[in-house]
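Visitor: Pasting in a structure now, in structure tokens, and then I'll have a few things to ask.
Numbering (full-length UniProt numbering), first residue to last: 1 to 129.
Written out as structure tokens, the structure reads:
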């Protein structure tokens, strides 16, 4: 696979779920370096803002934003979508980052089995945009 290291996304609006750690954070850094307007969509505000500030410093991109999003809660997904639509009139790139190993069986606040909910929410949230 060829990757153009000089590709720019200056006028693109991007949402990256789980952008506070791992692959999501690495992706956010690369896209921030390319000039995108990046929304960090994370469960933890503290960890999300910390990652955002680190990437802002590393990339020089000031156009980075945080919106709280817990994909285990459909209410959180609805609230995120509402806030995003208030701020933006379009979305150019959506990266549904899901770094999940097989967790023990748990239930979400909506009563779904957690592992099923993870995949359902990754799929269902696309329809809110």
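Just so you know, even glycine gets a beta-carbon here, dropped at the ideal spot from N, CA and C.
Report the rounded CA-to-CA distance for residue 70 versus residue 6, giving the unit in angstroms.
Guide: Straight-line Cα distance between these residues: approximately 33 Å.
Visitor: Excluding the 5 residues flanking residue 80 on each side, which residues of the same chain have their C-beta closer than 6 Å to its C-beta?
Guide: Excluding sequence neighbours, residue 80 sits near 67, 69.
Visitor: With residue 55 and residue 32 assumed to form a contact (beta carbons below 8 Å), what rounded beta-carbon distance in angstroms separates them?
Guide: Going by Cβ atoms, the distance from residue 55 to residue 32 rounds to 5 Å, so yes, they are a contact pair.
Visitor: Taking the straight line between their C-alpha atoms, what separation do you get for residue 58 and residue 29?
Guide: If I take the Cα positions, the gap works out to 8 Å.
Visitor: Since residue 17 and residue 95 are thought to touch, with beta carbons under 8 Å apart, how far apart are those beta carbons, to the nearest angstrom?
Guide: Between residue 95 and residue 17 the Cβ distance is about 7 Å, and since that is below 8 Å, they are a contact.
Visitor: With the cut-off set at 7 Å, would you say residue 36 and residue 97 are in Cβ contact?
Guide: Taking 7 Å as the Cβ cut-off, residue 36 and residue 97 do not qualify as a contacting pair.
Visitor: What are the start and end residues of the beta strand (DSSP E) that includes residue 38?
Guide: Here the beta strand (DSSP E) through residue 38 covers 37-42.
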